[in-house]
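Numbering follows our numbering, with no gaps: position 385 of the sequence shown is 874.
Heads up, the beta-carbon is just placed ideally off N, CA and C, and yes, glycines get one too.
All remarks here apply to the structure that follows.
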Amino acid sequence: MAFATLTAARDLGRLKEIAAVFIRHGLGDLVRRLGWADRLARAGHVLRLDHAADLARLDPPVQVRLALEELGPTFVKLGQILAGRADLFGPEWIAEFEKLHSQAPQVDPALVRAQLTEDLGAPPEEVFARFDTEPLAAASIAQVHAAALHDGTEVIVKVRRPGIGPVIEADLRLLERLAALAEDEWPDLRPYQPVGLVRQFGRSLRRELDLSSECRNAERIAGNFAGHPEVVVPRVYWDWTRERVNVQARIVGIPGHDLAQVDVAGLDRTLLAQRGARAVLKMIIDDGFFHADPHPGNVFYLPGNHLAFIDFGMVGRLGDARRDQLLSLMLGLVQRDPAAVTEVLMAWTQDTSTGPLPDLEALQQDVVAFVDQYRGTALAKLSLGGMLNDVTAILRDYRLALPADLALLIKTFITLEGLGRTLAPEFHMATEAEPLLEAALRARFAPKTLARRGWATALHAAHLLGGLPREITRLMRLTKRTGVQVHVEVRHLEQVADQLDRAVSRLTVAMVVAALIIGSSIVMTVQGGPTLLGLPAFGLLGFLAATAGALWLAWSVLR
């Protein structure tokens, strides 16, 4: 309790800033319903909730997007994550979240130099043969500078924005409290697990703050593509890589969005689209570790129809069980098999549901109807990204949320298909995916693989059975010694206690005021004694004290 109080006090300034931005963008009712205004008022900060901004006339998705942009990197990143949650938000919300970008003003060069000097042990102009103070790009988390090593190697130096860590930590604490409050106040949100979503987002953002973690991701993916020279991952220079700075080889190629240069260079657009799709599918299906943001800004095209991926701050991970489910779902969509799709969605529904399940029979019927509409359609005419979007829309209609790892994965598929079709309009993800999916399924259910899994399962079961008598004995001993305890959690207990305390205080003051009025009235009738303005002094002072108490009581109630 004490720690929570201290944390709340530490974050009051940021809370006031966030609340003010929400009110300015027409979201004052949200601030009021969340109780932020009352909390800030008790701390001496008064907000004008009646402020009617011109922005309030905008649609709610636009208001929220503008507020997130103004609030800075934590909220921009949150919006970018939510852009991939088509299972939670409708198309109008997704369209606004996708407009959020990470561009930010560049940092004062003196601050960058001071931080690099602290991290590298010497000024950047001494560590590098050349260091360009003008950044190549400035984003919300970090900015990138061109540099050269003393051996002439061209590199990029990625520097975390100075002072951003404490701001993001404060934002994450406030977001988690906001999510917990939202779950309590709006039961309809509980199936979507707001607290779990914020915690998962916090873990992802903290990993992204560690720039050395991005380099570990890059090296892991580079190792997975060791036998694929057509895919390039920049080399990491660990001698100068730290938590707040990393140094990687500079990729000189054609940016993914510059299609005119692709044509000028004579590159094969269709081959580039195929290689990009196969590379990401390999990461997902074979490796279970994938680049989670393969948009055109993170892809370069190189001579020989090679391609390079950069910026591995956001990656996805899939365990064996999840990959099996994904393979079944994707193959079910590609082969128009409604039973396979339904089985996987049912499993995901049970994994994520925290409340009463919806009408599963109706859900199954909708999935069957959805898949059946593609029966007879040529594989080359299928849009795998569109089909995945439709699946998430069905889940949204039934108020079901995807597991976080799968939401990120589906966003990756949709982004990848869009990139491929931008390169080559005749590109079809389904055509590229089917042979890879079938090969992966054959490998996963080969006799040798099944025997290995069966043996591992048998060993695990034997271990559990061997330890079962010991665990039962321990449970019985613990029960005998301490008994069975039932814990009852009462939500909002602290808030109720505060309200009772305020009510008792007001009641006490009211009783004192009433006593002063009655006592002063009696004193006024007594002759003799000191007078003031021609009236008994003690009676007059009593009435003045009662008036002051009544005014305080009225002000307290109104506030």
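| Item | Value |
| --- | --- |
| Unbroken beta strand (DSSP E) run spanning A1049, endpoints | For the chain, the structure presents residues 490 to 1048; residue 1049 sits outside this window and is missing. |
| Cutoff 8 Å; reference D894; Cβ partners in own chain excluding five residues on either side | G805, R806, L807 and R811 |
| 8 Å contact criterion, which F778 and I710 should meet: CB distance rounded | 7 Å |
| Start and end residues, alpha helix (DSSP H) containing N794 | Per DSSP, N794 belongs to no alpha helix (DSSP H) and is neither H nor E. |
| Euclidean distance between Cα positions of E658 and V857 | 45 Å |
| Closest by C-alpha distance to G1064, when choosing among V788, R503, P580 and V553 | Residue coverage of the chain in this structure runs from 490 to 1048, which leaves residue 1064 outside it and unanswerable. |
| 8 Å Cβ cutoff met for P785 and L908 | yes |
| Close Cβ partners of D543 (< 8 Å) along its chain, the five nearest in sequence each way excluded | In this prediction, D543 scores a pLDDT of 49, lower than 50, which makes its location untrustworthy; no coordinate-derived value is stated. |
| Test item: CB-CB of G573 and E703 under 8 Å | no |
| Coil, strand or helix - F859 by DSSP | helix |
| Neighbourhood of N686 by C-beta, 6 Å cutoff - its chain only, sequence neighbours within 5 removed | The sequence shown places Leu at residue 686, rather than the Asn named in the question. None. |
| C-alpha distance - V1134 paired with V644, whole-angstrom precision | The requested residue 1134 does not occur in the structure, where the chain is confined to residues 490 to 1048. |
| V720 beta carbon less than 8 Å from that of L605 | no |
| The segment 785-797 in contact with the segment 816-834 per 3-pair CB rule at 8 Å | no |
| Host beta strand (DSSP E) of K900 (start-end) | Counting along the chain, K900 falls outside any beta strand (DSSP E), though it belongs to the alpha helix (DSSP H) covering A893 to L912. |
| CB of A575 within 8 Å of CB of T881, strictly | yes |
| Secondary structure of A636, DSSP reduced to three states | strand |
| Alpha-carbon to alpha-carbon, M1000 and D539 | With a pLDDT of 49 at D539, under the threshold of 50, the predicted position of this residue should be treated as unreliable, though the coordinate-derived value follows. Rounded to the nearest angstrom, the two C-alpha atoms are 34 Å apart. |
| E643, enclosing beta strand (DSSP E) - first and last residue | E643 to R649 |
| Counted within 10 angstroms of its Cβ, other Cβ atoms place A922 as buried (16 or more) or exposed | buried |
| Cα-Cα separation, A669 to V684 | 6 Å |
| Beta-carbon proximity check, I743 vs A797, cutoff 8 Å | no |
| Beta-carbon proximity list for E732, same chain, < 6 Å, skipping 5 on both sides | D699 and S701 |
| Start-to-end residues for the beta strand (DSSP E) that takes in A738 | V734 to A738 |
| Cβ-based neighbour list, H634, same chain, cut-off 6 Å, excluding 5 preceding and 5 following | D621, P624 and V646 |
| Per-residue DSSP class, three states only, for L516 | coil |
| Distance, P549 Cα to W582 Cα | 9 Å |
| Close beta carbons around A493, own chain, < 7 Å, minus the five adjacent residues each side | Since pLDDT at A493 reaches only 43, below the 50 mark, its modelled position is unreliable, and the value read off the structure follows with that caveat. There are no such residues. |
| Where I1007 falls, given that 16 or more other Cβ within 10 Å makes a residue buried | exposed |
| Whole-angstrom distance between A951 and P827, CA atom to CA atom | 37 Å |
| The beta strand (DSSP E) enclosing G755, as first and last residue numbers | No beta strand (DSSP E) contains G755, which DSSP labels as neither H nor E. |
| Cβ distance (whole Å) where A1035 is taken to contact S1009 below 8 Å | 7 Å |
| Three-state secondary structure assigned by DSSP to F916 | coil |
| Residue interval of the beta strand (DSSP E) (run including G805) | V804 to R806 |
| Outcome for H949 when other beta-carbon atoms lying within 10 angstroms are tallied against a minimum of 16 | exposed |
| 8 Å Cβ cutoff met for L557 and F564 | yes |
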